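Asks: The structure is given below, and queries will be raised subsequently.
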Amino acid sequence: HGQNCERGGLMRELREDLRLIYDWIAPNSKVLDLGCGDGQLLAALVEEKNCIAYGVELDTDSVIAAMDLGVNVIQSDLESGLRHGFADNSFDVVVLSQTIQAMKNTEIILQEMKRVARQAIVTFPNFGYWRNRLQIAQGRMPVSESMPYEWYNTPNIHWCTLADFDALCEKNGLAVLERTVMSGGKRIDFLPNLLGSLAFYRVG
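Position one of the sequence shown corresponds to residue 19 (my numbering), numbered consecutively onward.
In structure tokens, the structure reads:
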């Protein structure tokens with residue numbers, strides 16, 4: 019009972035980007051979150067939407083934090099793939115939040131997500147955001163709210179725009195079911211590839 023009281027209202031405490039993902043996931047879904055971090059999203063889905071949720075995370079401190087929230091989490095490197103741990107079509111939704119740009123084998127992880135779940139939610143920093151374009155025009159690699167690292171210490175190795183990700187989905191047989199962008203914690207409807215710093219895709 020004490021743990022339920024602690025976890026109650028977790029949805030209200032989510033960052034704006036995680037809240038958008040939360041809104042896209044139906045109640046009672048079976049969810050796999052790849053790179054789940056401290057497990058806040060999964061804990062909220064379990065508590066508020068009665069989801070069955072599993073996370074995969076490499077960072078030890080994040081794994082411990084997720085376990086403290088009662089999240090089912092596996093410590094593993096996503097680059098090693100999902101084939102040994104998850105059967106075909108074993109989830110309703112798989113989430114990859116602000117992680118795909120740091121993956122070496124982007125297409126492999128997309129194919130694996132397609133294999134294990136009916137739908138996938140992918141979010142990533144939009145390299146086409148106007149502030150990034152402006153910094154490039156000024157001769158510098160971009161640093162922004164969604165890309166806070168310098169070029170020499172960033173974990174991000176694959177930058178893309180909305181148009182790039184659209185093309186990647188088409189190449190890999192993934193239909194874009196829903197797409198939105200955010201900037202400064204607010205959803206952007208006008209000129210999304212220019213004015214949105216963070217992209218959200220629901221594909222299937």
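Every residue, glycine too, gets a C-beta built ideally from N, C-alpha and C. For clarity, every value in this text was computed on a predicted model and none was experimentally measured.
Looking at the structure shown, is TYR219 part of a helix, part of a strand, or coil, going by DSSP?
Replies: strand
Asks: Taking just the CA atoms, how far does LEU195 sit from MET159?
Replies: 32 Å
Asks: Report yes if the CB atom of VAL112 is closer than 8 Å to the CB atom of ALA135, and no otherwise.
Replies: yes
Asks: Indicate the three-state DSSP secondary structure (helix, strand or coil) for THR179 in the structure shown.
Replies: In this structure, THR179 counts as coil in the three-state DSSP scheme.
Asks: What is the DSSP secondary structure of LEU52, reduced to helix, strand or coil?
Replies: strand
Asks: Let me know the secondary structure DSSP gives PRO210 once reduced to three states.
Replies: helix
Asks: For THR124, which residues in the same chain have their Cβ closer than 7 Å to its Cβ, ignoring the five residues on either side in sequence?
Replies: Hits under 7 Å: ILE118 and HIS176.
Asks: By alpha-carbon positions, which one of GLU168, SER115 and THR141 ends up nearest to ASP184?
Replies: Each of GLU168, SER115 and THR141 was checked against the Cα of ASP184, and the nearest Cα belongs to THR141.
Asks: Identify which residue in VAL221, LYS204 and ARG220 has its Cα closest to the Cα of ARG33.
Replies: LYS204
Asks: Can you give the beta carbon distance from VAL221 to CYS187, rounded, assuming they're within the 8 Å contact cut?
Replies: Yes, VAL221 and CYS187 are in contact; Cβ-Cβ is about 6 Å, under 8 Å.
Asks: State the CB to CB distance for the pair TRP148 and LEU212, rounded to an integer number of angstroms; the pair is presumed to be in contact (CB under 8 Å).
Replies: 5 Å
Asks: Can you check which of these residues, GLN129, SER115 and PHE218, is closest to ASP106 by C-alpha distance?
Replies: GLN129
Asks: Helix, strand or coil for TYR40, going by three-state DSSP, please let me know.
Replies: helix
Asks: Using 8 Å as the threshold, is the C-beta distance between LEU59 and ILE82 below it?
Replies: Between LEU59 and ILE82, the gap from beta carbon to beta carbon reaches 8 Å or more.
Asks: To the nearest angstrom, report how far apart PRO166 and PRO143 are at their CA atoms.
Replies: 10 Å
Asks: Taking only three categories from DSSP, how would you classify LEU28?
Replies: helix
Asks: Using beta-carbon positions only, say whether LEU28 and GLU66 come within less than 8 Å of one another.
Replies: yes
Asks: The alpha helix (DSSP H) with LEU59 in it runs from where to where?
Replies: Per DSSP, LEU59 belongs to the alpha helix (DSSP H) from 58 to 67.
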